[in-house]
Structures are given as C-alpha cells and as structure tokens.
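Enquirer: The structure's right below; bear with me while I get my questions together.
Residue numbers (the working numbering): 349 to 875.
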C-alpha cells in the first residue's frame with residue numbers, strides 16, 4: 349500500500365514549519381514533498397543585518413535538506429495547480445517542467461511586492477524581500493560612499509550619500525537604523541572622507557514610525573532614529589522617482605541615487621489563480637486552515653485569509669509570527685485528516701514585539717513589559733536566536749565579531765541592479781540573463797498576464813491605489829518578518845527572453861537583459 353503524499357508549496361515560515369512538524373508526526377507513514385525555488389529557508393527578520401554587513405548571507409539561511417531529512421525537496425516554482433486532478437505543475441531551476449500528484453496540498457506560497465502607481469518607482473526603486481536584494485543594497489551603499497569620496501563636486505557627493513527609504517514599518521525602520529550606522533562607520537574610519545555626511549531619510553504616509561505598534565515603542569524607535577541622524581518624515585512619501593532623485597509629496601525634490609521600497613507586500617498571485625473564494629487576494633480558509641469545499645487543500649501564511657478567532661469578523665495579519673504558528677497547526681490537521689490525532693483551530697495570542705535598531709539599541713515589549721536601549725537589544729537578539737531553526741552559533745559568533753572588529757565595507761558585485769527588479773513574482777531568486785519573469789508562468793487564471801504585471805484593477809487581490817503614495821503602514825509582529833514592508837526580487841533560469849515594449853529599444857551592450865522598463869502601472873494589491 350502506497351503512502352499518502354502531502355505536497356507543500358513554499359518553504360517560507362508557514363511552509364517550513366508545516367514540513368518540520370508533519371515529518372515528526374508522520375514518522376515515515378506519509379510522504380512529504382516540499383516544492384520551493386531555493387534549497388534554503390530564509391530567516392527574514394535578520395535580513396537588514398545582512399545589508400549592513402553584520403551577518404554573512406548564509407547565516408540567515410537554513411538548509412532544507414539538512415534540517416528536514418524526512419522531507420523530499422523539489423526545486424522549482426509552481427506554475428499551475430489542477431485541483432480536480434490533484435496535481436501541481438511546476439518549472440525547475442533549469443527550465444524543465446514537472447508534475448507532482450498529491451493527496452493533501454498545502455499552499456504556503458507567501459507574498460510578493462506591493463507596488464503603487466507612482467511614476468518611476470518600478471524603474472528606480474529596489475525592494476527588500478530576499479537575499480539578492482540585501483546583497484545588492486550592501487554593495488550599492490558601499491559603492492555610493494566610495495564614489496562620493498572620489499568626487500570633487502559637493503552636490504554629487506551629497507546626492508550619492510543620500511539614501512531614501514519608503515515605508516516606516518518593521519523593515520523600513522530597521523533598514524534605515526542599520527543603514528545610518530553602516531555608512532557612518534565607513535566615513536568615520538577614513539580620514540580622506542572627513543566632512544562627508546551620509547543622510548538617511550525614512551518616509552511614510554502614517555503619522556508615526558511603526559504605526560501598528562504601541563505608541564511607547566514607536567516613540568522609542570523614533571527617538572533612536574532621530575538621535576542617530578536619520579531624517580524621519582511622517583505624512584510624506586514619494587510622488588515621482590527619476591534617475592536624478594525623488595520628488596516628495598510635500599513638493600521637495602531630493603537628489604539621490606538610492607530608493608529602497610519597503611511599503612508592503614501582497615499575496616502571491618498563485619493563490620488567486622485557483623479560482624477559489626478569496627479575501628483581498630488571500631485564499632479563504634476555515635479556522636482549521638482548510639479550504640471550504642476542498643478538504644484536501646490547506647493554506648497558511650501570507651497566502652491564506654485565516655479567521656482571527658480572537659477578533660471575530662477579521663483575519664490574521666500577514667506576519668511571520670502568524671505564518672510560523674499556522675504552519676504547526678496545519679501539520680497537526682493534516683495528520684488528523686489521515687487519522688492521527690484531533691483537528692485544531694488556529695488561535696493566537698500576541699506575546700509582544702521586538703524591533704532591532706542596530707548597535708545595542710532596540711525597542712521591545714515582551715509580555716507587555718516596555719523595554720528600550722541595551723535591555724531591549726538583549727531581548728531582541730535572544731528572541732531571534734530562539735526563533736531561528738538553525739545557525740544560532742554562527743549568528744551569535746558574527747554578532748560577537750561585529751562588536752569587537754570593524755565591518756568589512758567592500759562591494760563584491762555579485763548582484764547587479766537589473767537582476768533585482770522591484771516588480772517580480774519571485775523574491776527568492778536573482779534574475780539571470782535570458783530569463784523571463786516568473787509571473788508569466790504562474791497560474792493561467794492569475795491577474796498577472798504580462799511581464800512584471802500587477803493585478804488588474806478591481807480584481808481579487810487588486811485593491812485600488814487610492815491616494816496613498818508610498819503605501820500603507822505595515823502590520824508586523826515581534827521578530828516576524830514585517831509582513832507589510834518587504835518587496836523582493838527576480839525570476840528563474842532558462843526561460844524565453846521577453847521582448848521589450850514597442851516604444852523601447854532593445855538592450856544595448858550596457859543594458860542588462862533583465863526586466864524591461866514599465867510604462868503602464870496598474871493598481872496595487874492588498875497587503
């Protein structure tokens with residue numbers, strides 16, 4: 349008798365935890381297949397420290413094969429799911445197609461960038477959702493400081509030393525906090541850079557930093573940022589982005605070569621391609637994380653609209669904390685569907701919030717106790733070490749080395765600007781030459797039907813942009829990857845090259861064969 353097969357699509361917080369828990373519960377009695385574009389789980393909350401040169405990239409990645417020995421890993425991205433045939437169709441990293449049959453399906457595809465119809469943003473901004481973008485930002489910031497030091501033009505020097513971050517949720521706040529320390533250290537240690545003043549700007553249409561947190565934590569973060577020299581501007585965002593800089597909604601034009609887009613994310617379009625009931629781009633499930641009418645299909649994490657039993661009538665926010673907990677409940681309910689144990693409804697209780705502000709500074713309120721400074725920093729790092737499913741010793745070692753040794757501010761040039769476009773359906777991978785955007789392959793019924801396309805206006809998951817340049821404030825949980833502030837970026841290998849629009853010339857010798865310039869900008873989806 350063959351073993352029942354469970355296919356899990358996505359190895360983010362929800363998918364990884366589902367696979368980890370289910371492999372323990374199944375004890376070899378069921379086959380577990382994990383479909384994911386990369387062979388690692390990415391611990392997103394520490395990504396700002398990778399961009400700031402504190403942690404090496406592999407420290408925030410956890411090998412799927414090593415930590416999930418009883419789970420079969422299949423590298424690839426899901427293109428289409430046939431619910432009636434119970435099959436998942438996917439494309440592998442080298443362009444090969446494949447099909448996976450399943451008895452139980454877990455959709456944990458996560459989320460993609462949230463874009464707004466602001467001129468120039470898709471062309472000139474970069475997100476912060478995956479490792480490629482963190483590596484690109486670290487190289488880019490280092491290069492800007494070096495180029496600024498080499499010029500004799502004060503205006504050019506100031507423009508290269510100005511870094512604009514849009515979105516004051518978890519990700520944007522942490523990127524700005526760590527970024528200011530990173531650039532200050534590059535200037536402070538070099539006598540030839542005396543007089544250079546790196547300037548980080550943090551923008552958001554909200555009225556305060558970290559708008560979803562307790563006001564005391566918000567004030568702590570705001571105070572630390574301002575004391576550090578970050579130009580915090582609330583009620584302000586980007587009206588237009590150009591090659592020379594950004595025009596703000598208050599009318600000021602800021603000369604800059606760096607625009608980091610941290611305004612939010614929206615569910616992966618794979619969810620809406622299923623043709624099932626949706627809630628603002630998320631697949632509707634019951635409290636047991638099952639899709640009504642499809643008991644063999646489960647969904648959790650950012651792709652699922654899970655009823656919040658603590659707040660009747662609402663759904664749990666898109667955060668890593670919820671995704672991690674939902675993955676565990678999902679695994680138990682899958683085991684129960686095979687006759688092992690009882691089903692569980694998903695309930696949660698917030699245990700507090702932590703925000704890493706770089707150095708020894710942080711803001712935290714574990715169990716409702718408000719902390720700041722060194723105490724908050726210790727709690728924050730302790731939380732991350734406890735939450736990580738691996739690499740704890742390596743991460744702690746990097747933190748220790750960073751405390752006693754200067755950081756290595758060098759640009760390796762491994763990730764280029766064109767390989768991490770803001771508009772993408774696959775934040776996990778860097779685009780390679782000759783690759784077509786993954787969204788062209790994903791879901792026959794998905795709203796994305798053109799290269800880099802956004803969901804069509806008024807379609808599921810396609811909320812109109814209203815009049816909010818810069819995006820909504822983020823909703824995030826402690827240590828959880830800010831669900832509403834991290835874009836990401838890329839596509840996969842071996843796909844046909846996408847031709848540029850008729851009004852744009854073909855790539856020249858100095859133009860990368862990656863994404864083409866977008867002139868149409870449809871509305872953004874829900875966070």
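Even glycine gets a Cβ: it sits at the ideal position worked out from N, Cα and C.
1) Would you please state the rounded distance, in angstroms, between the beta carbons of residue 776 and residue 376? I believe it to be under 8 Å.
2) Please classify residue 771: does DSSP put it in a helix, a strand, or coil?
3) Just list the residues that DSSP pairs residue 465 with in beta bridges.
4) If you measure between the beta carbons of residue 525 and residue 576, is that distance less than 8 Å?
5) Quick test of the definition: if touching needs 3 or more C-beta pairs under 8 Å, does the region 420 to 430 touch the region 626 to 635?
6) When burial is assigned at 16 or more other CB atoms within 10 Å of the CB, is residue 650 buried or exposed?
7) Please list the segments of the beta strand (DSSP E) lying wholly inside the region 668 to 721, counting only runs of 3 or more residues, in order along the chain.
8) When the Cα of residue 617 is compared with those of 627, 730 and 550, which residue comes out closest?
9) When burial is assigned at 16 or more other CB atoms within 10 Å of the CB, is residue 499 buried or exposed?
10) Where does the unbroken alpha helix (DSSP H) through residue 646 begin, and where does it stop?
11) Could you tell me which residues DSSP pairs with residue 474 in its beta bridges?
12) In this structure, does DSSP put residue 397 in helix, strand or coil?
13) Would you give the residue range spanned by the beta strand (DSSP E) that residue 636 belongs to?
14) Between the region 463 to 481 and the region 394 to 412, do at least 3 Cβ pairs fall closer than 8 Å?
15) In chain order, what are the residue ranges of uninterrupted beta strand (DSSP E) at least 3 long that sit wholly in the region 363 to 434?
16) May I ask you to report which of helix, strand or coil DSSP gives residue 539?
17) Candidates 455, 675 and 513: which alpha carbon is nearest residue 694's?
18) In the structure shown, what three-state DSSP assignment does residue 356 receive?
19) Distance, Cα to Cα, residue 473 vs residue 378?
20) Out of curiosity, what's the CA-to-CA distance linking residue 770 and residue 559?
21) Three or more beta-carbon pairs under 8 Å between the region 529 to 546 and the region 500 to 514, yes or no?
22) Which residues in the same chain as residue 505 place their Cβ atom closer than 6 Å to its Cβ, once the five residues preceding and following it in sequence are excluded?
23) Is residue 751 closer than 8 Å to residue 374 when the C-beta atoms are compared?
24) Consult DSSP for residue 808 and reduce its assignment to one of helix, strand or coil.
25) Can you give the Cα-Cα distance for residue 823 and residue 668, rounded to whole angstroms?
26) Between residue 532 and the rest of its own chain, which residues show a CB-CB distance below 7 Å, the 5 nearest in sequence each way excluded?
27) So residue 752 is in the alpha helix (DSSP H); what residue range does that whole segment cover?
28) Assuming the contact rule is C-beta atoms closer than 8 Å, residue 593 and residue 604 should be a hit. Round their C-beta distance to whole Å, please.
29) So residue 468 and residue 590 are supposed to be a Cβ contact under 8 Å. How far apart are they, rounded?
30) Measuring straight from C-alpha to C-alpha, what distance separates residue 404 and residue 746?
31) Taking the straight line between their C-alpha atoms, what separation do you get for residue 678 and residue 415?
32) To the nearest angstrom, how far is the alpha carbon of residue 735 from that of residue 681?
33) In terms of DSSP beta bridges, what is residue 514 paired with?
34) Can you tell me whether DSSP reads residue 490 as helix, strand or coil?
35) Span of the beta strand (DSSP E) holding residue 503?
36) Note down, in chain order, each residue of its chain lying with its Cβ closer than 8 Å to the Cβ of residue 446, except the 5 sequence neighbours on either side.
Expert: The structure says:
1) The residue given as residue 776 occupies position 428 in the chain shown. The residue given as residue 376 occupies position 28 in the chain shown. At roughly 29 Å, the Cβ-Cβ gap does not stay under 8 Å, so residue 776 and residue 376 are not in contact.
2) By one-based count along the chain shown, residue 771 stands at place 423. It is coil, neither helix nor strand.
3) By one-based count along the chain shown, residue 465 stands at place 117. Bridge partners of residue 465: none, in fact.
4) The residue labelled residue 525 in the question sits at position 177 within the chain shown. The residue labelled residue 576 in the question sits at position 228 within the chain shown. Yes. Within cutoff.
5) no
6) Residue mapping note: residue 650 aligns to position 302 of the chain shown, counting from 1. Flag for residue 650 reads buried.
7) 702 to 704 and 710 to 712
8) Position 269 of the chain shown, counting from 1, holds the residue named residue 617. Taking only the C-alpha atoms, the option nearest residue 617 is 627.
9) Here residue 499 corresponds to residue number 151 of the chain shown, with the count starting at 1. Exposed, since its Cβ has fewer than 16 Cβ neighbours within 10 Å.
10) Residue 646 sits at position 298 when you count from the first residue of the chain shown. From DSSP, residue 646 is part of no alpha helix (DSSP H) but of the beta strand (DSSP E) over 642 to 647.
11) Against the chain shown, residue 474 aligns to sequence position 126. Answer is 608, bridged to residue 474.
12) Walking along the chain shown from the start, residue 397 turns up at place 49. Helix.
13) As a first step, residue 636 is located in the chain shown; it is residue number 288 there, counting from the start. Run containing residue 636: none; DSSP gives neither H nor E here.
14) yes
15) 379 to 384, 388 to 390, 409 to 411, 420 to 423 and 425 to 430
16) Counting from one through the chain shown, the residue named residue 539 turns up at place 191. Of the three classes helix, strand and coil, the one that applies to residue 539 here is helix, per DSSP.
17) Start at 1 with the first residue of the chain shown, and residue 694 comes out as number 346. When each option's Cα is compared against that of residue 694, the closest is 675.
18) For this step, residue 356 is matched to residue 8 along the chain shown. If DSSP states are grouped into helix, strand and coil, residue 356 belongs with the strands.
19) Your numbering for residue 473 matches position 125 in the chain shown. Your numbering for residue 378 matches position 30 in the chain shown. Answer to the nearest angstrom: the Cα atoms are 45 Å apart.
20) Residue mapping note: residue 770 aligns to position 422 of the chain shown, counting from 1. Residue mapping note: residue 559 aligns to position 211 of the chain shown, counting from 1. Their backbone Cα atoms lie some 24 Å apart in a straight line.
21) yes
22) Position 157 of the chain shown, counting from 1, holds the residue named residue 505. Answer for residue 505: 496 and 499, listed in chain order.
23) As a position in the chain shown, residue 374 is number 26, starting the count at 1. As a position in the chain shown, residue 751 is number 403, starting the count at 1. No; because the gap between Cβ atoms is not below 8 Å, this pair is not in contact.
24) Translated into the one-based positions of the chain shown, residue 808 becomes position 460. For residue 808, the predicted structure reports a pLDDT of 35, less than 50, and the residue's modelled location is therefore unreliable. A value from the coordinates is still provided. Of the three classes helix, strand and coil, the one that applies to residue 808 here is coil, per DSSP.
25) The residue you call residue 823 lines up with position 475 of the chain shown. The residue you call residue 668 lines up with position 320 of the chain shown. Residue placement at residue 823 is poorly supported in this model, since its pLDDT is 40, which falls under 50; the coordinates are not used for a value here.
26) Stepping through the chain shown from its first residue, residue 532 is reached at position 184. Answer for residue 532: 546, listed in chain order.
27) Locating residue 752 in the chain shown gives position 404, counting from the first residue. It spans 740 to 752 - the alpha helix (DSSP H) in which residue 752 sits, taken as one unbroken run.
28) Position 245 of the chain shown, counted from the start, is the residue given in the question as residue 593. Position 256 of the chain shown, counted from the start, is the residue given in the question as residue 604. Between residue 604 and residue 593 the Cβ distance is about 5 Å, and since that is below 8 Å, they are a contact.
29) On the chain shown, position 120 is the one that residue 468 refers to. On the chain shown, position 242 is the one that residue 590 refers to. Indeed, because the Cβ distance is near 5 Å, the residues count as touching under 8 Å.
30) Start at 1 with the first residue of the chain shown, and residue 404 comes out as number 56. Start at 1 with the first residue of the chain shown, and residue 746 comes out as number 398. Between residue 404 and residue 746, the C-alpha separation is close to 8 Å.
31) Here residue 678 is taken as the residue at index 330 of the chain shown, counted from 1. Here residue 415 is taken as the residue at index 67 of the chain shown, counted from 1. Computed Cα separation, rounded: 19 Å.
32) Within the chain shown, residue 735 is the residue found at index 387, counting from 1. Within the chain shown, residue 681 is the residue found at index 333, counting from 1. Taking the straight line from one Cα to the other gives about 23 Å.
33) Numbered from its first residue, the chain shown carries residue 514 at position 166. Paired residues: 551 and 609.
34) Numbered from 1 along the chain shown, position 142 holds the residue referred to as residue 490. The answer is helix: DSSP assigns residue 490 an H, G or I state.
35) As a position in the chain shown, residue 503 is number 155, starting the count at 1. Looking at the DSSP string, residue 503 is not in any beta strand (DSSP E); the run it does join, the alpha helix (DSSP H), is 502 to 508.
36) Residue numbering aside, residue 446 sits at position 98 when the chain shown is read from its first letter. Excluding sequence neighbours, residue 446 sits near 422, 424, 437, 438, 439 and 440.
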